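Engineer:
Protein chains: 2
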Amino acid sequence: MPAEAKVEARSARSAAPATPPLTERQEARRRRILRASAQLASRGGFDAVQMREVAESSQVALGTLYRYFPSKVHLLVATMQDQLEHMHGTLRKKPPSGETAAERVAETLMRAFRALQREPHLADAMVRALTFADRSVSPEVDQVSRQTTAIILDAMGLADPTPAQLSAVRVIEHTWHSALITWLSGRASIAQVKIDIETVCRLIDLTDPDTGA
Amino acid sequence: MPAEAKVEARSARSAAPATPPLTERQEARRRRILRASAQLASRGGFDAVQMREVAESSQVALGTLYRYFPSKVHLLVATMQDQLEHMHGTLRKKPPSGETAAERVAETLMRAFRALQREPHLADAMVRALTFADRSVSPEVDQVSRQTTAIILDAMGLADPTPAQLSAVRVIEHTWHSALITWLSGRASIAQVKIDIETVCRLIDLTDPDTGA
DNA sequence: CGCTAATCTAGAACAAGTTTCAGACTTGAT
DNA sequence: ATCAAGTCTGAAACTTGTTCTAGATTAGCG
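In the order they appear, the protein sequences are chains A and Y.
First residue of the first sequence? That's 1 in my numbering, and the numbers climb one at a time after it.
First residue of the second sequence? That's 1001 in my numbering, and the numbers climb one at a time after it.
(1) Three or more beta-carbon pairs under 8 Å between the stretch 141-158 of chain A and the stretch 42-62 of chain A, yes or no?
(2) Using a Cβ-Cβ cut-off of 8 Å, state whether Asp1134 (chain Y) counts as contacting chain A.
(3) Quick one: grab the DSSP three-state call for Gly1098 (chain Y).
(4) Can you name the residues of chain A whose CB is closer than 7 Å to the CB of Asp1196 (chain Y)?
(5) Give the DSSP-derived three-state secondary structure of Glu1119 (chain Y) in the structure shown.
(6) Within the 8 Å Cβ cut-off, does Ile1181 (chain Y) reach chain A?
(7) My output table needs one value for Gln1050 (chain Y): the three-state DSSP class, helix, strand or coil.
(8) Taking Cβ-Cβ distances below 7 Å as the criterion, which residues of the stretch 70-83 of chain A are in contact with chain Y?
(9) I need the straight-line Cα distance from Ala1179 (chain Y) to Glu1198 (chain Y), nearest angstrom please.
(10) State yes or no: is the C-beta of His1074 (chain Y) within less than 8 Å of the C-beta of Thr1131 (chain Y)?
(11) Taking only three categories from DSSP, how would you classify Val137 (chain A)?
(12) In the DSSP assignment, the alpha helix (DSSP H) including Ala168 (chain A) goes from what residue to what residue?
(13) Can you give the beta carbon distance from Ser1167 (chain Y) to Ile195 (chain A), rounded, assuming they're within the 8 Å contact cut?
(14) Who are the neighbours of Arg1146 (chain Y) on chain A, taking C-beta pairs under 8 Å?
(15) Look up Arg1146 (chain Y) in the DSSP assignment and say whether it is helix, strand or coil.
(16) At a CB-CB cut-off below 8 Å, which residues of chain A make contact with Gly1186 (chain Y)?
(17) Identify every run of the alpha helix (DSSP H) within the stretch 1035-1086 of chain Y, keeping only runs that are complete inside it and at least 4 residues long; order them along the chain.
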């Protein structure tokens, strides 16, 4: 029988279908790797996360690093999952105060944006990885997307959204990601991102089953 | 005095401030390079565009290729500029037929989307490069963005848009790029992209100075 | 305990983007 | 026609992501 179970995509909750539980030491390794990844990313962004350095930093052989995360993009997307969970927890504690759903969503996203501004390099690494990811990372990217959707729906305060509302949420996510990229690459100001977020959030009112179209 | 002028960012119109004109042979080299890039990209997407192969394919030394395009991302973004010009020309010939501005924009974007579907690998290479570009490529990416904006404004049929309308256009572009990415990475269907585009285009009506909010 | 299969480690090796360099070639000016 | 300065070429070198290998370790089972 195997000694330590096969290591694969890890996820927050019960999403993973067949992920054998990790040993304590394995869980610890995984943590060390993610911590090193975030640390290096915080310094110099995407480029500063070098696999050899991550391995050394987390006291793990390069081959092992690749066993846990099959590519740099996988690693950074996993790092993002990790950070997103934090974020969601933090956001839950102080629900947004806006009157309308649109206001609350915009407020929540701006709060998240401010958090990202505190670690712009880390944001750079995570977002670039997310948009650069190819099909082999789809499951992980999808998980990030679901988590983001959950955060937005939370802010809207909706139990069961209509299809139109889900469309609006998807568009908001698109805008969120793309606006972040333009900000990170210095092509848009913080103010600009704020405007874009507020603009797209008006779509929510438009799809409100009571008042919208 | 210099023999052949310094090669730098090239742009469609008068945007470049100080780009000495290229020799005929230089212009020809540049063309060959872009053609090779598009050709390789059409085959296997981003990964298939290998600088050594582009150089060989376009009968240019590797060092020369790097003189014309300082990185793979620069090259692919330039390739996108090139393709966008084609596209804009093509789109101009058959203006969209929709009643409202929103309909016309959605129609135009869907037409562009269909064109991309014909060369999904090329689309992959260009879009991935665009979103992966860091600050050093900002001017070129910005040029692509301006060109895209021009296409959308064309479709709206607007001479001088209001700030609110420009915001809407920016959000539409965000959605357009991000939706393309989700499609390219297999996380969204063509139908899904269509819905997202149509959804975000409703923002236009919302900002119409006559009828909107 | 002692086995056995899987995991982990160290390090070499490979791949593709990027840089560098010496020498041949072009260009525009004199 | 000649020259100086800038370009192009071919090839090697360097960087960093990724793969591979042989041997040491570890985990669970009988």
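Even for Gly, the Cβ is constructed at its ideal location relative to N, Cα and C.
Computed from a predicted model, the values in this text were never measured in an experiment.
Structural biologist: From the atom records:
(1) no
(2) The residue you call residue 1134 (chain Y) lines up with position 134 of the second sequence. Asp1134 (chain Y) counts as touching chain A.
(3) To locate residue 1098 (chain Y), count along the second sequence from 1; it is residue 98. In the structure shown, Gly1098 (chain Y) sits in coil (DSSP, three-state: anything other than H, G, I, E or B).
(4) Residue mapping note: residue 1196 (chain Y) aligns to position 196 of the second sequence, counting from 1. Simply Ser167, Arg170, Val171 and His174.
(5) Residue 1119 (chain Y) sits at position 119 when you count from the first residue of the second sequence. In the structure shown, Glu1119 (chain Y) sits in coil (DSSP, three-state: anything other than H, G, I, E or B).
(6) Walking along the second sequence from the start, residue 1181 (chain Y) turns up at place 181. Output row for Ile1181 (chain Y): interface = yes.
(7) The residue labelled residue 1050 (chain Y) in the question sits at position 50 within the second sequence. Looking at Gln1050 (chain Y) - three-state DSSP - the assignment turns out to be coil, as it is neither helix nor strand.
(8) none
(9) Numbered from 1 along the second sequence, position 179 holds the residue referred to as residue 1179 (chain Y). Numbered from 1 along the second sequence, position 198 holds the residue referred to as residue 1198 (chain Y). A straight-line Cα-Cα distance of about 12 Å links Ala1179 (chain Y) and Glu1198 (chain Y).
(10) Counting from 1 along the second sequence, the entry for residue 1074 (chain Y) is found at position 74. Counting from 1 along the second sequence, the entry for residue 1131 (chain Y) is found at position 131. No. Outside cutoff.
(11) For the purposes of this step, residue 137 (chain A) is taken as residue 137 along the first sequence, with counting starting at 1. Here Val137 (chain A) sits in helix by DSSP.
(12) The residue given as residue 168 (chain A) occupies position 168 in the first sequence. From DSSP, the alpha helix (DSSP H) with Ala168 (chain A) extends over Pro163 to Leu184.
(13) Taking the first residue of the second sequence as 1, we reach residue 1167 (chain Y) at position 167. Taking the first residue of the first sequence as 1, we reach residue 195 (chain A) at position 195. So it is a contact: roughly 6 Å between Cβ atoms.
(14) As a working note, residue 1146 (chain Y) is residue 146 in the second sequence. Chain A residues near Arg1146 (chain Y): none, gap ~11 Å exceeds 8 Å.
(15) On the second sequence, residue 1146 (chain Y) is found 146 positions in, with the first residue counted as 1. If DSSP states are grouped into helix, strand and coil, Arg1146 (chain Y) belongs with the helices.
(16) Taking the second sequence and counting its residues from 1, one reaches residue 1186 (chain Y) at position 186. Neighbours of Gly1186 (chain Y) on chain A, chain order: Arg135 and Ser138.
(17) As far as the stretch 1035-1086 of chain Y is concerned, its whole alpha helix (DSSP H) runs of at least 4 residues are 1051-1057 and 1062-1068.
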